[in-house]
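For the sequence shown, my numbering assigns the number 48 to the initial residue and increments by one for each residue that follows.
Built from N, CA and C at the ideal position, the CB exists for glycine as well.
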Amino acid sequence: KKRLSTLALHAGQEAPDPATGARAVPIYQTTSYVFKNTEHAANLFALKEFGNIYTRIMNPTNDAFEKRIAAIEGGTGALAVASGQAAETLALLT
(Lines of atoms letter the chains of each structure in order from A and count residues from 1; the text may use other names and numbers.)
(Lines give C-alpha, C1' and ligand atoms only; values in the text may rest on other atoms or scores of the structure.)
Protein backbone atom coordinates (compact mmCIF):
# COMPACT_ATOMS: atom_id res chain seq x y z
CA LYS A 1 0.00 0.00 0.00
CA LYS A 2 1.30 3.45 -0.92
CA ARG A 3 1.90 5.91 1.88
CA LEU A 4 0.22 9.32 2.13
CA SER A 5 3.28 11.23 0.90
CA THR A 6 3.53 9.04 -2.22
CA LEU A 7 -0.17 9.46 -2.97
CA ALA A 8 0.01 13.22 -2.42
CA LEU A 9 2.83 13.52 -4.95
CA HIS A 10 2.02 10.92 -7.59
CA ALA A 11 -1.61 9.73 -7.49
CA GLY A 12 -3.56 10.78 -10.55
CA GLN A 13 -0.47 10.84 -12.75
CA GLU A 14 1.06 7.39 -12.79
CA ALA A 15 3.13 8.17 -15.91
CA PRO A 16 4.69 11.37 -17.27
CA ASP A 17 2.34 13.69 -19.16
CA PRO A 18 1.93 12.16 -22.65
CA ALA A 19 1.89 15.53 -24.42
CA THR A 20 4.88 17.12 -22.69
CA GLY A 21 6.74 14.34 -20.86
CA ALA A 22 6.49 16.39 -17.66
CA ARG A 23 6.81 14.40 -14.43
CA ALA A 24 4.76 16.96 -12.48
CA VAL A 25 1.16 17.55 -13.56
CA PRO A 26 1.12 20.47 -16.01
CA ILE A 27 -1.31 23.30 -15.28
CA TYR A 28 -3.64 23.49 -18.26
CA GLN A 29 -5.04 27.04 -18.40
CA THR A 30 -7.34 26.60 -21.35
CA THR A 31 -11.09 27.07 -21.38
CA SER A 32 -12.03 25.31 -24.59
CA TYR A 33 -10.75 22.37 -26.59
CA VAL A 34 -10.57 21.50 -30.28
CA PHE A 35 -12.62 18.56 -31.55
CA LYS A 36 -11.44 16.18 -34.28
CA ASN A 37 -14.74 16.61 -36.14
CA THR A 38 -18.45 17.10 -35.47
CA GLU A 39 -18.97 13.41 -34.70
CA HIS A 40 -16.22 13.56 -32.06
CA ALA A 41 -17.84 16.63 -30.50
CA ALA A 42 -21.29 15.02 -30.53
CA ASN A 43 -19.93 11.87 -28.85
CA LEU A 44 -18.24 13.92 -26.13
CA PHE A 45 -21.34 15.97 -25.38
CA ALA A 46 -23.52 12.82 -25.41
CA LEU A 47 -21.05 11.20 -22.96
CA LYS A 48 -20.48 8.33 -25.39
CA GLU A 49 -16.78 9.12 -25.39
CA PHE A 50 -14.52 10.40 -22.60
CA GLY A 51 -12.61 13.62 -23.20
CA ASN A 52 -12.33 17.33 -22.63
CA ILE A 53 -15.22 19.56 -23.66
CA TYR A 54 -14.93 22.75 -21.63
CA THR A 55 -12.67 23.43 -18.67
CA ARG A 56 -15.53 23.93 -16.18
CA ILE A 57 -16.70 20.41 -16.99
CA MET A 58 -13.34 18.66 -17.38
CA ASN A 59 -9.70 19.72 -17.41
CA PRO A 60 -6.59 17.48 -17.36
CA THR A 61 -5.20 19.32 -14.31
CA ASN A 62 -8.50 18.96 -12.43
CA ASP A 63 -8.68 15.30 -13.41
CA ALA A 64 -5.28 14.58 -11.85
CA PHE A 65 -6.27 16.54 -8.73
CA GLU A 66 -9.55 14.63 -8.36
CA LYS A 67 -7.79 11.28 -8.76
CA ARG A 68 -5.17 12.34 -6.22
CA ILE A 69 -7.76 13.38 -3.62
CA ALA A 70 -9.73 10.15 -4.16
CA ALA A 71 -6.56 8.10 -3.65
CA ILE A 72 -5.61 9.99 -0.49
CA GLU A 73 -9.13 9.60 0.95
CA GLY A 74 -9.44 5.96 -0.16
CA GLY A 75 -12.46 6.75 -2.32
CA THR A 76 -13.45 5.71 -5.81
CA GLY A 77 -13.73 9.28 -7.08
CA ALA A 78 -13.69 12.94 -6.18
CA LEU A 79 -15.10 16.12 -7.66
CA ALA A 80 -13.31 19.46 -7.67
CA VAL A 81 -15.52 22.56 -7.71
CA ALA A 82 -14.74 26.25 -8.13
CA SER A 83 -15.72 27.50 -4.68
CA GLY A 84 -16.82 26.57 -1.20
CA GLN A 85 -20.35 27.66 -2.02
CA ALA A 86 -20.35 25.35 -5.03
CA ALA A 87 -19.22 22.50 -2.76
CA GLU A 88 -22.01 23.25 -0.27
CA THR A 89 -24.61 23.39 -3.04
CA LEU A 90 -23.35 20.12 -4.50
CA ALA A 91 -23.42 18.43 -1.09
CA LEU A 92 -26.93 19.63 -0.27
CA LEU A 93 -28.59 19.08 -3.65
CA THR A 94 -27.22 15.65 -4.52
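- Checking the DSSP bridge columns, you'll see Y101 partnered with S79.
- DSSP, reduced to helix, strand and coil, places L126 outside both helices and strands of the structure shown, so it counts as coil.
- In this structure the segment 71–87 does not lie against the segment 129–140, because fewer than three pairs of beta carbons, one per stretch, are closer than 8 Å.
- Each residue's CA atom was taken as its position, placing V128 and K48 some 28 Å apart.
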